[in-house]
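Just below is one structure, and these are the notes that go with it.
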Amino acid sequence: MGSYTGLKVSELLRLRVCDVKDKQEIEIIRNKKVQIIKLHKELQSVLIEYICTLKNQSDEN
-8 MGSYTGLKVS
2 ELLRLRVCDV
12 KDKQEIEIIR
22 NKKVQIIKLH
32 KELQSVLIEY
42 ICTLKNQSDE
52 N
């Protein structure tokens, strides 16, 4: 994707599509501090797909 965001799967679990869709940045809490991650279109698309996949998997269980 070009740039490394350092996002961890555990940090993505709380995200919803509305947290990512049409946003330019998201806030992630790390070590009790808020870190702002800039979103470019490719990362935004991957995150939305990932969130939807997680939701579908949890709906199946």
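Here the working numbering is used: the first residue of the sequence shown is -8, the next is one more, and so on.
In this text, a Cβ means the ideal position worked out from N, Cα and C, and glycines have one as well.
Exposed or buried, Val11, counting other C-beta atoms within 10 Å across all chains shown (16 or more means buried)?
Val11 comes out buried.
Rank Leu4, Lys23, Ile28 and Glu16 by C-alpha distance to the C-alpha of Leu45 and give the top, closest one.
Here the closest residue by C-alpha is Leu4.
Quick one: residues in its chain with C-beta nearer than 7 Å to the C-beta of Gln48, no 5 flanking neighbours on either side, listed in chain order?
Taken in chain order, the list of residues that qualify is empty.
Which whole runs of the alpha helix (DSSP H) in the region 0 to 33 are 4 residues long or more, in chain order?
Whole alpha helix (DSSP H) segments, 4+ residues: 0 to 3 and 8 to 11.
Below 6 Å CB to CB, which residues in the same chain sit around Val8 once its five sequence neighbours on both sides are set aside?
If we look at Val8 and ignore the five residues flanking it on each side, its Cβ neighbours are Ile39 and Ile42.
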